[in-house]
């Protein structure tokens with residue numbers, strides 16, 4: 163009997179999911195636990211693995227369709243019966259349900275990817291060598307699938323992820339460098355050109371034509387709903403502080419290489435902001451609290467939501483019990499959440515339970531932002547861009563001078579129903595002081 167593929171229940175409170183993309187088409191071979199399709203729920207986007215090995219026999223639910231959990235969305239024929247069972251696509255499958263233009267665009271993208279991956283006439287092995295336990299731990303099922311398809315031994319690739327983990331970007335960059343080397347007229351013994359070492363430029367999705375009416379994605383609908391609800395719920399007020407960030411900029415520049423060598427994770431600026439906020443939250447617990455009707459819930463733990471910008475939207479995974487972590491633990495946790503968010507590996511519990519949120523519009527060049535509170539939190543801190551500016555600097559003798567300093571602007575958005583302006587300003591003044599006089603060990 164064929165194996166049913168069902169819509170999984172991604173958490174107790176989730177009752178439905180939307181299939182956003184099928185990663186295989188009817189007739190394709192699939193391996194157990196390799197990514198089969200992508201779904202979107204009101205909590206997370208995720209890749210769903212195949213429940214068995216065999217041939218994808220039928221797709222019953224097309225892309226863009228929302229169904230209840232435990233609904234059968236397709237079937238897999240086991241290897242024995244796959245040879246005699248023709249692959250089927252139901253009337254609701256993507257090939258029949260998607261517009262011809264969209265289908266052509268998808269096929270064109272697939273052709274382009276195949277052209278990049280196989281620029282020469284030399285045959286590529288169907289499968290790479292079996293990865294050992296170490297390689298399994300350092301890569302995701304998606305990465306291993308790509309490696310098998312292109313005959314790549316993962317031991318050849320240096321991972322840039324947490325603990326040397328190989329990301330999708332790492333393996334695609336490796337394929338791009340191989341493609342450049344194969345298509346180059348230089349003899350095999352010569353080194354590839356320097357430009358080939360750079361990661362491939364991402365190919366943007368085709369933009370809608372002016373005048374097109376494009377349905378919102380499931381994630382965009384949820385974001386829109388949550389933002390409107392937050393504006394209607396909380397009495398939003400914002401305060402902004404200018405911080406001399408020079409001390410930390412110099413510290414990171416001095417220690418980032420050694421930090422990565424010792425711990426296998428890049429040193430970023432985010433844990434400095436998160437740590438400063440945690441210390442301040444311990445001093446002013448009202449900013450870590452939530453309103454429940456006419457009562458105030460003072461949370462025992464500090465769970466920091468870290469906003470992550472994705473190509474398809476925004477998500478806020480949560481660093482649980484952040485107040486119990488040291489600096490290295492914060493950096494590891496932030497990196498892990500960001501990687502899993504971008505690779506669609508988050509679970510529903512990873513985006514629940516935040517008590518305070520940090521967002522970073524400055525990574526794209528914004529001087530500062532006025533973020534909307536992430537309900538049911540009472541406050542959110544926005545981090546602006548780090549820029550060099552002339553500042554008046556006062557020495558120990560009280561003499562003033564103008565110096566070039568690294569400056570960042572921090573914004574606190576808070577719910578005025580619960581938090582008074584004086585408390586918000588004291589909180590932010592403490593965060594500013596902690597950052598400007600940083601004296602903690604970073605590991």
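Numbering (the numbering used here), first residue to last: 163 to 605.
We put the beta carbon where it would ideally sit given N, CA and C, even for glycine.
All values reported here derive from a predicted model rather than from experimental measurement.
Taken through DSSP and simplified to helix, strand or coil, residue 430 comes out as coil. Between residue 179 and residue 215, the gap from beta carbon to beta carbon reaches 8 Å or more. Partner residues in the beta bridge of residue 403, as assigned by DSSP, are 572.
Looking from the CA of residue 603, the closest CA among 218, 404 and 417 belongs to 417. Burial of residue 181 is indicated by the presence of at least 16 other C-beta atoms within 10 angstroms of its C-beta. Here the alpha carbons of residue 556 and residue 535 stand approximately 36 Å from one another. If you compare the alpha carbons of 499, 229 and 560 with that of residue 477, the shortest gap goes to 499.
For residue 221, the enclosing beta strand (DSSP E) stretches over residues 216 to 221.
Per DSSP, residue 551 is one residue of the beta strand (DSSP E) stretching across 549 to 556. Of the residues 398, 314, 219 and 230, the one whose Cα lies closest to the Cα of residue 574 is 398.
Secondary structure at residue 191: strand, using DSSP grouped into helix, strand and coil. Secondary-structure assignment with DSSP links residue 470 through a beta bridge to 477. For residue 454, the enclosing beta strand (DSSP E) stretches over residues 452 to 454. Membership of residue 541 in the beta strand (DSSP E) is indicated by the continuous run 541 to 545.
The region 424 to 436 makes contact with the region 492 to 512: 3 or more CB pairs, one atom from each, lie closer than 8 Å.
Looking at the DSSP output, residue 168 shares a beta bridge with 234. Boundaries for residue 178: no alpha helix (DSSP H) harbours it, while the beta strand (DSSP E) harbouring it runs 178 to 184, taken from the DSSP string. When beta bridges are read from the DSSP output, residue 211 appears opposite 197.
A residue is called buried once 16 or more other Cβ atoms fall within 10 Å of its Cβ, and residue 589 is buried on that count. Cβ atoms of residue 176 and residue 205 come within 8 Å of each other, at about 6 Å.
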